[in-house]
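Peer 1: Take this structure, written in structure tokens, and hold onto it; I'll ask about it next.
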Amino acid sequence: MPVPTTGLVALGHARPPHDRNPGMPLDLDWVASVQANTSAIERRAASLGGRRTVKKDYQAAWLLKAVSLIDLTTLSGDDTPGRVQRLCAKARQPVSAETLHALGMDGLTVGAVCVYHDMVATAVRALEGTEIPVAAVSTGFPAGLSPWHLRVQEIRESVAAGAREIDIVISRRHVLTQNWQALYGEMREMRDACGEAHVKAILATGELGTLRNVARASLICMMAGADFIKTSTGKEGVNATLPVTLTMIRCIRDYQERTGIKVGYKPAGGIAKAKDALLYLALMKDELGDDWLYPDLFRFGASSLLGDIERQLDHHLTGHYSAANRHAMG
């Protein structure tokens, strides 16, 4: 039975493009005014699970929406061309053709494939003929502590290899020492090196100490021209959380209200269950609206999330959960 579309924004990648974020001059007065009420943010985040539930056909519809927003990721030291090729095959067909046909959603793909620089060319070849972009993690990922000229050159080489998106990592020390001018200058130069490729700024929020630091770093990166702000590399001890997400997306909302520019958001690391994806989607819809339920403005950085969504969709159709090994990523 086709899933319902009432109340659900359309699936897929195609819609009129919004303007990229050109950035703006550094406004330190605005940065200094940014605060974060941690207790209020945590209360709001904690309330989501009890208030936002969807069931049956509507849950299936939202899970299919989540699939279209996944940056399917492999960032392991033992990555091989074969593994990346298998991941790209999964990106092309993230859910079985039979399941998609039964749900009336033939042709669904993920939002992007995310790999290390060395695997960009392999992924580009494997995705040829599709609209699925390749995203490369760059700038000394995950720590961001390699020499500056090498970080910038890595961006240029990933773009030359065919990456259409670059996930860069900021220098956490600039946030921890409140050196906002240095963070702005670094982000601005990395954005320029990306050229036409969209840039996602990874804040590594688990290493920034406070939600106020997260908010100020989010604002600085947007001022410097980030097209997306992203929570984590996935390698930190604490990655994406709902309080961090609420903090960052309210900064996105403030930036749009002040500049008219829409900036995307990507939570990454630790989002492995379908029910978690539904909470994030509910929060995005509540706080930013339907525009942020498309892959040009929202992504999940994930590897295992897709497998759990597949199992939930199987259960929706058959009443039974399939074995996890039926949904391997590569």
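Per the numbering used here, the sequence shown starts with residue 106, numbered consecutively.
Note that the Cβ used here is the ideal one computed from N, Cα and C, for glycine as well.
Please read all numbers here as calculations on a predicted model, not as lab measurements.
1. With a floor of 4 residues, list each alpha helix (DSSP H) that falls wholly inside the stretch 166 to 214, ordered by position along the chain.
2. Once DSSP output is grouped into helix, strand and coil, what is the label at Ile334?
3. Could you give the distance in angstroms between the alpha-carbon of Val320 and the alpha-carbon of Val159?
4. Go through the stretch 227 to 297 residue by residue and report every complete run of the alpha helix (DSSP H) that reaches 4 residues or more, in order.
5. With 8 Å as the threshold, decide whether the Cβ of Leu347 is near any Cβ in chain D.
6. Any idea what DSSP makes of Tyr426, helix, strand or coil?
7. Spell out the partners DSSP gives Ala306 in its beta bridges.
8. Name, in chain order, the residues that DSSP records as bridge partners for Lys371.
9. For His421 and Ala298, I'd like the C-alpha separation in whole angstroms.
10. Put Ala322 into one of helix, strand or coil per three-state DSSP.
11. Can you tell which of Lys390, Leu316 and Leu411 has the C-alpha that lies nearest to the C-alpha of Ser144?
12. Taking only the alpha-carbon atoms, compute the straight-line gap between Ile175 and Ala217 and give it to the nearest angstrom.
13. In its own chain, which residues sit with a C-beta less than 8 Å from the C-beta of Thr110, not counting the 5 before and 5 after it?
14. So, Ala226 versus Gly267, is the Cβ gap smaller than 8 Å?
15. Can you give the beta carbon distance from Val349 to Thr336, rounded, assuming they're within the 8 Å contact cut?
16. Take the Cβ of Lys170 as the centre, count every other Cβ of all protein chains shown within 10 Å, and call the residue buried at 16 or more, exposed below.
17. Nearest to Val304 by alpha carbon, out of Val139, Val264, Glu147 and Ala248?
18. Mapping the DSSP letters down to three states, classify Ala379 as helix, strand or coil.
19. Which residue wins for smallest C-alpha separation from Trp285, given the options Leu402, Asp134, Gly311 and Arg230?
20. Taking DSSP as the reference, what is the three-state secondary structure of Tyr399?
Peer 2: So, to answer that:
1. 186 to 197 and 202 to 208
2. Of the three classes helix, strand and coil, the one that applies to Ile334 here is strand, per DSSP.
3. The residue you asked about is not Val; residue 320 is Ala in the sequence shown. The straight-line gap from Cα to Cα measures roughly 30 Å.
4. 253 to 265 and 277 to 281
5. The displayed structure is made up of one protein chain only, and chain D is not part of it.
6. coil
7. Ala306 is bridged to Ile273 and Ile334.
8. Lys335
9. 45 Å
10. helix
11. Ser144 has its Cα closest to that of Leu316, out of Lys390, Leu316 and Leu411.
12. 7 Å
13. For Thr110, the predicted structure reports a pLDDT of 48, less than 50, and the residue's modelled location is therefore unreliable. The matter cannot be settled from this model.
14. yes
15. 6 Å between Cβ atoms; contact.
16. buried
17. Val264
18. helix
19. Asp134
20. coil
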